[in-house]
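A.B. asks: In this text, residue positions in the sequence shown follow this note's numbering: the first is 391, and each later residue adds one.
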Amino acid sequence: MRIDITRFRLSPLPAVGISRLARYPKNVGRCTADPKATTMPRRRKIYEGKAKVLFEGPEPGTLVQHFKDDATAFNNEKHGIITGKGVLNNRISEYLMMRLAEAGVPTHFVRRLNMREQLVREVEIIPVEVVVRNIAAGSICKRFGLEEGSVLPRSIVEYYYKSDDLGDPLISEEHITAFGWAAPPEIDDMLSLSLRINDFLLGLFLGVGLRLVDFKLEYGRLYEDDQMRVVLADEITPDGCRLWDIETNEKMDKDRFRRDLGGVAEAYQEVARRLGITPEASQQDVKGPVLIQ
Ligand code: UDP
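#1: Let me make sure I understand the geometry here. Which of 610, 620, 541, 589 has the alpha-carbon closest to that of residue 579?
#2: Identify whether residue 442 lies in helix, strand or coil by the three-state DSSP scheme.
#3: Classify residue 481 as helix, strand or coil using the three-state DSSP reduction.
#4: Apart from the five residues just before and just after residue 666, which ones in its own chain have a Cβ nearer than 6 Å to its Cβ?
#5: Helix, strand or coil for residue 487? Go by DSSP, reduced to three states.
#6: Provide the residue(s) that pair with residue 605 in DSSP beta bridges, ordered along the chain.
#7: Please state if the CB of residue 496 and the CB of residue 552 are separated by a distance shorter than 7 Å.
#8: Does residue 437 pass the burial test, meaning 16 or more other C-beta atoms within 10 Å, or should it be called exposed?
#9: Would you kindly report the start and end of the unbroken beta strand (DSSP E) that includes residue 691?
#10: Using 10 angstroms around the beta-carbon of residue 507, count the other beta-carbons present and answer buried if the total reaches 16, otherwise exposed.
#11: Can you tell me which residues form a DSSP beta bridge with residue 667?
#12: Name the DSSP beta bridge partners of residue 456, please?
#13: Confirm, please, whether the CB-CB distance from residue 530 to residue 610 is below 7 Å.
#14: Where residue 668 and residue 647 are concerned, what is the direct C-alpha to C-alpha distance, given to the nearest angstrom?
#15: In terms of residue numbering, what span does the beta strand (DSSP E) encompassing residue 471 cover?
#16: When you compare only the Cα positions, how much space is there between residue 543 and residue 537?
#17: Could you give the uninterrupted runs of the beta strand (DSSP E) lying entirely in the region 537-620, keeping only those of 3 residues or more?
#18: In this structure, how does DSSP classify residue 513 when only helix, strand and coil are distinguished?
#19: What residue range is occupied by the uninterrupted beta strand (DSSP E) comprising residue 499?
#20: Tell me which residue opens and which closes the alpha helix (DSSP H) that residue 643 is part of.
#21: Report all residues from its chain with a CB closer than 8 Å to the CB of residue 493; omit the five preceding and five following residues, and keep chain order.
The structure is reproduced here in structure tokens:
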């Protein structure tokens with residue numbers, strides 16, 4: 391009997407190895423509660439962030455990344471729920487991570503498990519947010535008095551220290567090495583990968599009528615057989631990108647939430663539609679586990 395663990399949707403089974411899962415009788419873990427409730431399987435939570443939860447994965451060295459509908463802005467001062475955002479972000483990030491992997495960018499992504507979750511490799515997150523900017527928007531406008539929408543002389547890469555308490559301050563390579571957040575070769579990897587990712591995503595989004603204004607990336611250390619490499623981690627979604635329509639300059643990203651422009655989920659849905667990855671009907675999110683014979 392072959393069991394496809396990707397089909398264990400909303401199963402409250404504990405996080406155990408595939409071989410132990412196989413011993414559970416068919417009905418264990420079937421969702422009996424309100425089918426509309428966005429329940430999560432009972433398993434060990436590793437970390438809960440603003441828009442995602444990380445759970446222990448089915449095998450050592452893996453994690454399950456669960457996308458929530460929560461949205462925050464201005465360092466948590468603003469909070470809201472955007473129904474369906476988690477489902478869309480799961481699909482968008484899956485698609486972009488897969489395209490990037492095809493282009494030779496190492497990532498933590500393994501595969502999507504269900505509507506809200508994806509299986510990822512466990513990495514040690516480097517506490518540095520890498521922002522790549524092509525067009526002036528957001529904090530760079532305030533910092534340098536630039537007009538929103540002005541094209542930057544070239545793509546600019548910035549580093550921020552990942553700390554909610556400090557409000558993610560802008561940092562230099564000097565801070566990164568002096569405080570030991572990453573070693574010089576790791577910074578080199580993050581910089582060159584970020585520029586490659588920018589080139590690739592600029593073209594990909596341009597192809598679907600979207601301008602990639604700026605975006606944030608996170609990297610992690612992946613340990614394999616005494617080797618360590620820096621890989622792209624976290625997510626790439628409209629939560630962490632600015633995407634403007636080529637024709638109208640309409641914002642298709644989290645700025646719609648930050649600035650109370652409305653139509654946030656619709657904008658994310660449109661990004662998914664243009665990428666050709668409109669999610670399956672949400673009913674699939676509430677099915678119990680399915681055993682494949
Ligand atoms: N960004 C992010 N998380 C953060 C800060 C920024 O994903 O904690 C993204 C943001 O969505 C934008 C880019 O990084 O696409 C640059 O953001 P900026 O520095 O302009 O800050 P903001 O104006 O979003 O506060």
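Glycine is no exception: its CB is placed at the ideal position from the N, C-alpha and C atoms.
C.D. replies: According to the structure shown:
#1: If you number the sequence shown from 1, residue 579 lands on position 189. Residue 620 is the option with its Cα nearest to residue 579.
#2: Position 52 of the sequence shown, counted from the first residue, corresponds to residue 442. Strand, per DSSP.
#3: Here residue 481 refers to the residue found at position 91 of the sequence shown. If DSSP states are grouped into helix, strand and coil, residue 481 belongs with the helices.
#4: As a working note, residue 666 is residue 276 in the sequence shown. Same-chain partners within the cutoff: there are none.
#5: Position 97 of the sequence shown, counted from the first residue, corresponds to residue 487. DSSP places residue 487 in helix when its eight states are reduced to three.
#6: Counted from its first residue, the sequence shown places residue 605 at position 215. Answer is 522, 631.
#7: The count along the sequence shown starts at 1 and reaches residue 552 at position 162. The count along the sequence shown starts at 1 and reaches residue 496 at position 106. For residue 552 and residue 496, no; Cβs fall outside 7 Å.
#8: Here residue 437 refers to the residue found at position 47 of the sequence shown. Label assigned to residue 437: exposed.
#9: Residue 691 lies beyond the residue range present for the chain, which begins at 391 and ends at 683; the question has no answer from this structure.
#10: The residue given as residue 507 occupies position 117 in the sequence shown. Per the 10 Å Cβ criterion, buried.
#11: One-based indexing of the sequence shown puts residue 667 at position 277. Answer is none; residue 667 lacks a bridge partner.
#12: As a first step, residue 456 must be located in the sequence shown, where it is residue number 66. DSSP lists 443, 507 as partners of residue 456.
#13: In the sequence shown, counting from the first residue as 1, residue 610 sits at position 220. In the sequence shown, counting from the first residue as 1, residue 530 sits at position 140. Taking 7 Å as the Cβ cut-off, residue 610 and residue 530 do not qualify as a contacting pair.
#14: Position 278 of the sequence shown, counted from the first residue, corresponds to residue 668. Position 257 of the sequence shown, counted from the first residue, corresponds to residue 647. Using only the alpha carbons, I get a separation of about 21 Å.
#15: The residue labelled residue 471 in the question sits at position 81 within the sequence shown. First-last of the beta strand (DSSP E) with residue 471: 468-471.
#16: One-based indexing of the sequence shown puts residue 543 at position 153. One-based indexing of the sequence shown puts residue 537 at position 147. Those two C-alpha atoms are separated by around 13 Å.
#17: 541-551, 600-614
#18: Within the sequence shown, residue 513 is the residue found at index 123, counting from 1. Correct three-state label for residue 513: coil.
#19: As a position in the sequence shown, residue 499 is number 109, starting the count at 1. Element bounds for residue 499: 499-502.
#20: In the sequence shown, residue 643 corresponds to position 253, counting from 1. Counting along the chain, residue 643 falls outside any alpha helix (DSSP H), and DSSP gives it neither H nor E.
#21: What you label residue 493 is simply residue 103 of the sequence shown in a count that begins at 1. Once the five neighbours on either side are set aside, the close Cβ partners of residue 493 are 586, 590.
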